[in-house]
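J.: Numbering (UniProt numbering), first residue to last: 1 to 261. Even glycine gets a Cβ: it sits at the ideal position worked out from N, Cα and C. Okay, handing you the structure first.
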Amino acid sequence: MLLPANALEQALHNAAIDENKVELFYKLMMESRVFILGKPAKELPDTNFVLGDDDELLINHWESDEDKSPVIPFFTSLQTLQRTIPEDEPYLEVPTEALFRMTLGVPMVLNPNTEYGMEFSPEDVVSLLGSDSVNNLEELLDGTEYDEDGVYLDVLRAEPETLIKTMTEILGDYPEIEAAYLASIHEPSADPEPHLLVGIKGHGDIDAAIEAVAGRIPEADNDSDYEMFDFFTINDDDPEISDFLLEQVKPFYSTASTKIH
Numbered sequence: 001m002l003l004p005a006n007a008l009e010q011a012l013h014n015a016a017i018d019e020n021k022v023e024l025f026y027k028l029m030m031e032s033r034v035f036i037l038g039k040p041a042k043e044l045p046d047t048n049f050v051l052g053d054d055d056e057l058l059i060n061h062w063e064s065d066e067d068k069s070p071v072i073p074f075f076t077s078l079q080t081l082q083r084t085i086p087e088d089e090p091y092l093e094v095p096t097e098a099l100f101r102m103t104l105g106v107p108m109v110l111n112p113n114t115e116y117g118m119e120f121s122p123e124d125v126v127s128l129l130g131s132d133s134v135n136n137l138e139e140l141l142d143g144t145e146y147d148e149d150g151v152y153l154d155v156l157r158a159e160p161e162t163l164i165k166t167m168t169e170i171l172g173d174y175p176e177i178e179a180a181y182l183a184s185i186h187e188p189s190a191d192p193e194p195h196l197l198v199g200i201k202g203h204g205d206i207d208a209a210i211e212a213v214a215g216r217i218p219e220a221d222n223d224s225d226y227e228m229f230d231f232f233t234i235n236d237d238d239p240e241i242s243d244f245l246l247e248q249v250k251p252f253y254s255t256a257s258t259k260i261h
């Protein structure tokens with residue numbers, strides 16, 4: 001077990017041993033800065049910046065193991081984040097209170113996949129924000145930035161090998177398709193279940209090629225965790241999804257190497 005990296009982690013360890021110290025940990029957490037996976041919605045000239053009222057963050061969401069619903073991971077230190085995430089991903093250091101306010105309505109998980117993890121429901125978050133927030137719980141959980149009208153993206157935790165093999169063979173028949181990516185997408189207002197997102201990068205009549213590819217995938221070859229597929233054309237029309245796929249996901253198919261392992 002590694003030693004705590006800062007006072008917040010020490011308080012978390014103490015709370016895990018002695019339940020009488022949980023309230024002290026909560027207080028310190030709400031006064032501290034924590035680390036999240038994400039980046040500013042627009043590129044900023046300086047890595048150190050103050051978030052303004054009109055600025056937005058793109059915060060990475062994961063999927064709950066129980067029902068695939070979105071959750072937001074956050075971490076007590078950069079060291080813990082880097083030990084938990086196998087590959088380099090953009091991250092931000094933000095005040096806990098600001099993070100909780102901008103993500104109201106989405107469950108949070110502190111230090112996931114570690115010995116000292118902790119889950120926070122939307123109601124827990126409102127409670128931690130203070131008595132005024134508790135009194136206005138329904139109002140706070142309605143119409144927030146990450147409510148049921150949101151769209152949540154995540155990388156896949158397991159590679160569907162049969163599906164990838166089948167799609168790689170099919171995609172090779174369409175020279176206008178240059179690369180393909182797999183991720184998950186969840187839009188609660190449209191479907192309570194997340195879908196498999198198939199991002200396609202190419203040229204020419206790409207829409208016709210996507211329609212043809214979609215019609216050729218045998219249902220029996222779908223060994224992914226998702227029943228529904230959403231095909232997406234990577235372009236400038238929806239830069240947030242396009243940037244997520246290009247920057248956070250490795251293509252499973254490309255014309256240069258057929259498949260990237």
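Evaluate LEU24 with the Cβ neighbour count: other Cβ atoms within 10 Å of its Cβ, from every protein chain shown; 16 or more gives buried, anything less gives exposed.
T.: By 1-based counting over the sequence shown, the position of residue 24 is 24. Result: exposed.
J.: Opposite HIS195 in the DSSP bridges: which residues?
T.: Here the question's residue 195 lines up with position 195 in the sequence shown. ILE185, per the DSSP bridge assignment.
J.: With distances taken Cα to Cα, identify the nearest neighbour of ASP237 among ASP191, GLU19 and LYS201.
T.: On the sequence shown, position 237 is the one that residue 237 refers to. Ranking the options by Cα distance to ASP237, first place goes to LYS201.
J.: Which whole-angstrom value is the C-beta distance of ASN222 and LEU163, which I expect to be below 8 Å?
T.: Residue mapping note: residue 222 aligns to position 222 of the sequence shown, counting from 1. Residue mapping note: residue 163 aligns to position 163 of the sequence shown, counting from 1. Confirmed, Cβ separation roughly 6 Å.
J.: Whole angstroms are fine: how far does the CA of PRO40 sit from the CA of GLY143?
T.: In the sequence shown, counting from the first residue as 1, residue 143 sits at position 143. In the sequence shown, counting from the first residue as 1, residue 40 sits at position 40. Reliability of the predicted coordinates at GLY143 is poor, the pLDDT of 37 falling under 50, and no value is obtained from them.
J.: Taking the Cβ atom as the reference point for each residue, do VAL34 and ILE72 lie within a distance shorter than 8 Å?
T.: For the purposes of this step, residue 34 is taken as residue 34 along the sequence shown, with counting starting at 1. For the purposes of this step, residue 72 is taken as residue 72 along the sequence shown, with counting starting at 1. Contact flag unset, no.
J.: By how many angstroms is the C-alpha of THR255 removed from the C-alpha of GLU178?
T.: As a working mapping, residue 178 is identified with position 178 in the sequence shown. As a working mapping, residue 255 is identified with position 255 in the sequence shown. Each residue's alpha carbon lies about 5 Å from the other.
J.: Where does the unbroken alpha helix (DSSP H) through THR255 begin, and where does it stop?
T.: Here residue 255 is taken as the residue at index 255 of the sequence shown, counted from 1. Unbroken run through THR255: none, as it is neither H nor E.
J.: Candidates SER64, GLU119 and LEU58: which alpha carbon is nearest TYR91's?
T.: Position 91 of the sequence shown, counted from the start, is the residue given in the question as residue 91. When each option's Cα is compared against that of TYR91, the closest is LEU58.
J.: Closest to ASP225 by CA distance: which of GLU161, GLU240, ASP243 and MET108 is it?
T.: In the sequence shown, counting from the first residue as 1, residue 225 sits at position 225. The option with the nearest alpha carbon to ASP225 is GLU161.
J.: CB-CB under 6 Å to GLU97, same chain, minus the five flanking residues each way: which ones, in chain order?
T.: Along the sequence shown, one-based indexing puts residue 97 at 97. These residues qualify, in order along the chain: MET30.
J.: Report the rounded CA-to-CA distance for MET174 versus MET228, giving the unit in angstroms.
T.: Taking the first residue of the sequence shown as 1, we reach residue 174 at position 174. Taking the first residue of the sequence shown as 1, we reach residue 228 at position 228. According to the sequence shown, residue 174 is Tyr rather than Met. Rounded to whole angstroms, TYR174 to MET228 spans 23 Å at the Cα level.
J.: Which residue's Cα is closest to the Cα of TYR181: GLU159, ASP191, LEU99 and GLU187?
T.: As a position in the sequence shown, residue 181 is number 181, starting the count at 1. Checked all of GLU159, ASP191, LEU99 and GLU187; the closest Cα to TYR181 is GLU159.
J.: Let me confirm a value: GLU193 is counted as buried when at least 16 other C-beta atoms fall within 10 Å, else exposed. Which label applies?
T.: Here residue 193 refers to the residue found at position 193 of the sequence shown. GLU193 is exposed by the Cβ-count criterion.
J.: Within a Cβ cutoff of 8 Å, which residues of the same chain sit near ASN20, ignoring the five residues on either side of it in sequence?
T.: As a working note, residue 20 is residue 20 in the sequence shown. Once the five neighbours on either side are set aside, ASN20 has no close Cβ partner at all.
J.: Let me confirm a value: GLU56 is counted as buried when at least 16 other C-beta atoms fall within 10 Å, else exposed. Which label applies?
T.: For the purposes of this step, residue 56 is taken as residue 56 along the sequence shown, with counting starting at 1. The residue in question, GLU56, is exposed, as its Cβ has fewer than 16 Cβ neighbours within 10 Å.
J.: Could you tell me which residues DSSP pairs with ILE36 in its beta bridges?
T.: Taking the sequence shown and counting its residues from 1, the one referred to as residue 36 is at position 36. Note: ILE36 sits in a beta bridge opposite PHE74 and LEU92.
J.: Are the beta-carbon atoms of THR76 and ASN111 separated by less than 8 Å?
T.: Taking the first residue of the sequence shown as position 1, residue 76 is located at position 76. Taking the first residue of the sequence shown as position 1, residue 111 is located at position 111. Cβ atoms of THR76 and ASN111: closer than 8 Å.
J.: How many Å lie between ASP124 and ASP154 at the Cα?
T.: Within the sequence shown, numbered from 1, the residue matching residue 124 stands at position 124. Within the sequence shown, numbered from 1, the residue matching residue 154 stands at position 154. Cα to Cα, the separation comes out at about 24 Å.
J.: Verify whether the separation of the beta carbon atoms of ARG216 and ILE170 is less than 8 Å.
T.: What you label residue 216 is simply residue 216 of the sequence shown in a count that begins at 1. What you label residue 170 is simply residue 170 of the sequence shown in a count that begins at 1. Yes; because the gap between Cβ atoms is below 8 Å, this pair is in contact.
J.: Helix, strand or coil: how does DSSP classify GLU63 here?
T.: Within the sequence shown, the letter at position 63 stands for residue 63. If DSSP states are grouped into helix, strand and coil, GLU63 belongs with the strands.
J.: Just to confirm my understanding: we take GLU66, look at its own chain, exclude 5 residues before and 5 after, and list those with CB closer than 6 Å. What are they?
T.: Reading the sequence shown from its first residue, position 66 is the one you call residue 66. Cβ within range, chain order: n/a, list empty.
J.: What residue range does the beta strand (DSSP E) around ASN110 cover?
T.: Position 110 of the sequence shown, counted from the start, is the residue given in the question as residue 110. It is Leu, not Asn, that sits at residue 110 in the sequence shown. Element bounds for LEU110: 108 to 110.
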